[in-house]
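Quick note: the sequence shown uses our numbering, first residue 14, plus one each step.
For reference, the structure discussed in these notes is given below.
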Amino acid sequence: MNWKRGIGFAVLLWVIMFVLVSILIAFKWYDGTGLMPWIVAVLGGAVALILAGYLRPANAGAAIGYGITFVIISVLLDWLVTTRFNAEIFRSVPLWVSYALGLLAPLLRIRKPNPPAL
Numbered sequence: 014m015n016w017k018r019g020i021g022f023a024v025l026l027w028v029i030m031f032v033l034v035s036i037l038i039a040f041k042w043y044d045g046t047g048l049m050p051w052i053v054a055v056l057g058g059a060v061a062l063i064l065a066g067y068l069r070p071a072n073a074g075a076a077i078g079y080g081i082t083f084v085i086i087s088v089l090l091d092w093l094v095t096t097r098f099n100a101e102i103f104r105s106v107p108l109w110v111s112y113a114l115g116l117l118a119p120l121l122r123i124r125k126p127n128p129p130a131l
């Protein structure tokens, strides 16, 4: 597992989602209620899946390591930055679902071995 790449992609994931939610809030499409938080959670999982594809973990251990890195960095940055705008953010169930999706996304991107040539 490449820790620098893992941390870099975890920060990138958080920045992408922070900017996306900020844009949705600016256009008054997101207020933290209704279906939109769930849509954003699924989008966060999709972004994590795409970024995990660039990491290409070699095995399940590396994939879990990347997933844990995604979650730790996201929780840390949400605690440091996002709570300044929304002190109740950690009470949001969709947020925890998005963390779970970020944890599991690298498992779907494990590098498959090349089949033997005939």
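All C-beta atoms in this analysis are idealised placements derived from N, C-alpha and C, irrespective of residue type, glycine included.
Could you tell me the alpha carbon to alpha carbon distance between Thr95 and Lys125, rounded to whole angstroms? Here residue 95 refers to the residue found at position 82 of the sequence shown. Here residue 125 refers to the residue found at position 112 of the sequence shown. Rounded to whole angstroms, Thr95 and Lys125 show a C-alpha spacing of 37 Å.
So, at 8 Å on beta carbons, what are the nonlocal neighbours of Val34 in its own chain, with the 5 sequence-adjacent residues on each side left out? Indexing the sequence shown from 1 puts residue 34 at position 21. Cβ within range, chain order: Tyr43 and Val53.
Using 8 Å for Cβ pairs, my map puts Leu114 next to Ala61. What's the rounded Cβ distance? By one-based count along the sequence shown, residue 114 stands at place 101. By one-based count along the sequence shown, residue 61 stands at place 48. Taking 8 Å as the upper bound for CB-CB distance, Leu114 and Ala61 are in contact here, some 6 Å apart.
Does the beta-carbon of Trp51 have 16 or more other beta-carbons within 10 angstroms, so that it is buried, or is it exposed? Here residue 51 refers to the residue found at position 38 when the sequence shown is read from its first residue. Exposed is the call here.
What is the C-beta distance between Ala118 and Gly80, in whole angstroms, given that I count them as a contact (C-beta under 8 Å)? Walking along the sequence shown from the start, residue 118 turns up at place 105. Walking along the sequence shown from the start, residue 80 turns up at place 67. At roughly 7 Å, the Cβ-Cβ gap stays under 8 Å, so Ala118 and Gly80 are in contact.
Over the uninterrupted alpha helix (DSSP H) stretch that includes Ala71, give me the two end residues. Your numbering for residue 71 matches position 58 in the sequence shown. First-last for Ala71: undefined, no H or E at that position.
Closest to Gly134 by CA distance: which of Leu37, Leu120, Asn127 and Leu26 is it? There is no way to answer for residue 134, as the model of the chain reaches only from 14 to 131.
Leaving aside the five residues before and after Met14 along the sequence, list all residues of the same chain whose C-beta is less than 6 Å from its C-beta, in chain order. Walking along the sequence shown from the start, residue 14 turns up at place 1. Counting only Cβ-Cβ distances below 6 Å, and skipping sequence neighbours, we find Ala75 and Gly78.
Environment of Pro70 [buried if 16+ CB atoms lie within 10 Å]: Indexing the sequence shown from 1 puts residue 70 at position 57. Around the C-beta of Pro70, 16 or more other C-beta atoms lie within 10 Å, and the residue is accordingly described as buried.
Excluding sequence positions up to five away, which residues of its chain have a Cβ less than 6 Å from the Cβ of Ile123? Locating residue 123 in the sequence shown gives position 110, counting from the first residue. Correct list, in chain order: Pro70 and Ala76.
Alpha-carbon spacing of Gly47 relative to Met30, whole angstroms: Against the sequence shown, residue 47 aligns to sequence position 34. Against the sequence shown, residue 30 aligns to sequence position 17. About 18 Å.
What residue range does the alpha helix (DSSP H) around Ala113 cover? Mapped onto the sequence shown, residue 113 falls at position 100. Run containing Ala113: Val106 to Leu117, per the alpha helix (DSSP H) assignment.
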